[in-house]
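Here's the structure, in structure tokens; my notes come after.
So, in structure tokens, the structure goes:
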């Protein structure tokens, strides 16, 4: 993703003109965001080049919006620079929050409960937690898969359906 792609996407989401040069698009975003109380969330931010990160920094500085960059550990290195040369960029980082490799069981069960409220029974939520091993991405695959299987079969989700779906997923 280039700075232009980031700005075009942001302009699109904000409903502002996405034409013009980088400065014009940045200014349009800054104007739309100033005082809005919004937060910009960027997933897979470790894939952003320096210029895109610097563009986001500028939007933050001039509009006052918060920015959350989610990504792999390499993101911290990208924010600092190979030789620590990106001090202006990295100095804006409030904190880095390592998320670990898994979520607690209560979080996984709450996600499952909120996304598939028709799932009843702790045994089913326990089976989902065990199957996904606390991994949110795997949980979403399971929820999507067992929901679809339930719709196709006309049967409610049960532990057997989760176990069958486990056999199809690649670990």
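In our numbering, the protein residues as written are 56 to 226.
We put the beta carbon where it would ideally sit given N, CA and C, even for glycine.
Since the structure is predicted, the reported quantities are computational estimates derived from the model, not experimental observations.
- Just tell me which of 157, 101, 223 and 87 has its CA closest to the CA of residue 204. 223
Worksheet item: Do you know how far the Cα of residue 132 is from the Cα of residue 105?
Response: 11 angstroms
Check whether the region 158-165 touches the region 138-150, taking contact to mean three or more Cβ pairs, one atom from each stretch, closer than 8 angstroms. no
Given residue 197, which residues of its chain have a CB within under 7 angstroms of its CB, disregarding the five upstream and five downstream residues? 183, 186, 187, 217 and 220
* To do: Would you mind listing the alpha helix (DSSP H) stretches within the region 103-183 that are 4+ residues and don't spill past its ends, in chain order?
  => 105-118, 129-135, 142-145 and 160-170
- Query: In chain order, what residues of the same chain have a beta carbon less than 6 angstroms from the beta carbon of residue 96, not counting five sequence neighbours either side?
  - Reply: 123
Residue 10: which of 102, 173 and 165 sits nearest, CA to CA? As displayed, the chain neither begins before 56 nor continues past 226, which places residue 10 out of reach and without an answer.
Which of the three DSSP states is assigned to residue 225 in this structure? coil
task = State the start and end residues of the unbroken beta strand (DSSP E) segment that holds residue 97.
result = 94-97
- Task: Report the option in 76, 166, 73 and 115 whose CA atom is closest to the CA atom of residue 89.
- Result: 115
Worksheet entry | residue 136 versus residue 202 - alpha carbon distance | 44 angstroms
Could you pull the start and end residues of the alpha helix (DSSP H) that residue 82 belongs to? 77-88
### Query
Looking at C-alpha atoms only, which residue of 172, 125, 118 and 56 is the closest neighbour of residue 150?
125
**Asked** When you compare each of 87, 170, 86 and 67 to residue 199 by their alpha carbons, which one comes out closest?
**Response** 170
**Report entry** Pick from 211, 79 and 70 that is closest to residue 59, judged by C-alpha positions
**Finding:** 79
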